[in-house]
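In our numbering, the protein residues as written are 3 to 311.
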Ligand code: GDP
Ligand code: MG
């Protein structure tokens, strides 16, 4: 199927820009993605150079295609766990690939130390960074300019935007700037593309991200989320079965805390985000499976959320 965009824009006029969104958990990265992309979502992860980072959304407007990748694994490492290092490393590789980095910081600036480390690292690794101070709806306007000045001191941010991803204020200007920076290059994706296989991958990533968000410092890094199956129904709904793989009984206790409420919240948050991305009503079934060597095959789940979300 060809979309209107694909028909109308000759290849030689096409422009492209890749943008990696970086920021601490809760900065508002997913909210921004959802608000920029609106209902036009393409979820693809299998094409071309994109294997290392996760494509979260594609906007094709006029001649320009913007490819956003979110970097859910980017956080400041606080120990020397090998898997943690691996996650951080793959996030950095994603950063190096992108044309432009969009660094999102909660304008209330509560995690000063972590943000400082993040800014120092990012500015060392990429020289095209735009800064978005988010959640301006939540803070006193007087603090914004001084904060922008402070953050720009010593760093060369290409632009600074003050936005509310939630209220969609300032986000059009941000998008316009990104569009203005695209260069002549053939598009990598068709604007309306969406297939099952990449969705499975993205959906598992989303659940893993929600686990990260919920567990924070408690997170056992050896936890992985695997895709089991995806069902589609005649009414357009989709149902995704995923397994959270753990290694130790102690991790089971962490995951099942609050009588399973934690896992329920994870499932619910993932469900909402996947629904928003796909535009389809989504149901998620989460299972927890314990095996010391989850890389090997293992049968039998020890716990399921038991209900659909
Ligand atoms: P992520 O971890 O960076 O992807 O952050 P999320 O997009 O999941 O947002 C974390 C929380 O901040 C959610 O509860 C959002 O609703 C909230 N949030 C995001 N952007 C804004 C904003 O502009 N204003 C306000 N008030 N809340 C926001
Ligand atoms: Mg997020």
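Idealized CB from N, CA, C, for every residue including glycine. Bear in mind the structure is a predicted one, so any value in this text is a computation, not a measurement.
For residue 247, the enclosing beta strand (DSSP E) begins and ends at 240-248.
Between the alpha carbons of residue 65 and residue 265 lies a gap of roughly 43 Å.
Take residue 215, set aside five residues on each side of it, and the residues of its chain with a beta-carbon closer than 6 Å to its own are 27, in chain order.
Taking C-beta atoms under 8 Å as the contact rule, residue 170 and residue 32 fail to qualify, at a distance of about 14 Å. In this structure, the alpha-carbon of residue 206 lies about 30 Å from that of residue 184.
Taking the Cβ atoms as the reference, residue 107 lies roughly 6 Å from residue 135, within the contact range of under 8 Å. Excluding sequence positions up to five before and after residue 157, its CB lies within less than 6 Å of the CB of 125, all in the same chain and listed in chain order. Considering only 239, 290, 258, 209, the residue with the shortest C-alpha distance to residue 245 is 290. When secondary structure is reduced to three states using DSSP, residue 165 falls in the coil class, being assigned neither helix nor strand. The closest heavy atom of ligand 1 lies less than 6 Å from the beta carbon of residue 27.
DSSP, read as helix, strand or coil, puts residue 136 in strand. In this structure residue 251 is exposed. Its beta-carbon is surrounded by fewer than 16 other beta-carbon atoms within 10 angstroms. Placement of the Cβ of residue 136 at a distance of less than 6 Å from at least one heavy atom of ligand 1 is found. For residue 21, the closest of 29, 62, 68 by C-alpha to C-alpha distance is 68. Looking from the CA of residue 101, the closest CA among 287, 181, 280, 277 belongs to 181. Counting of Cβ neighbours within 10 angstroms places residue 210 among the buried residues, the total reaching 16 or more. For residue 39, the enclosing alpha helix (DSSP H) has its first and last residue at 31-39.
Residue 272 counts as buried, since at least 16 other C-beta atoms from the protein chains shown sit within 10 angstroms of its C-beta. Under the DSSP assignment, residue 280 falls outside any beta strand (DSSP E), being part of the alpha helix (DSSP H) whose first and last residues are 263-280. Rounded to whole angstroms, residue 29 and residue 115 show a C-alpha spacing of 14 Å. Distance from the CA of residue 255 to the CA of residue 262, rounded to the nearest whole angstrom, comes to 10 Å.
Less than 7 Å divides the Cβ of residue 131 from the Cβ of residue 105. Taking 6 Å as the cut-off, the C-beta of residue 284 does not count as close to any heavy atom of ligand 1.
Here residue 138 is near residue 109, since their CB atoms are less than 7 Å apart.
Taking residue 159 as reference, the option from 143, 129, 178 with the minimal CA-CA separation is 129. Where residue 120 is concerned, the enclosing alpha helix (DSSP H) starts and stops at 114-127. Here the alpha carbons of residue 179 and residue 270 stand approximately 34 Å from one another.
Partner residues in the beta bridge of residue 22, as assigned by DSSP, are 71, 103.
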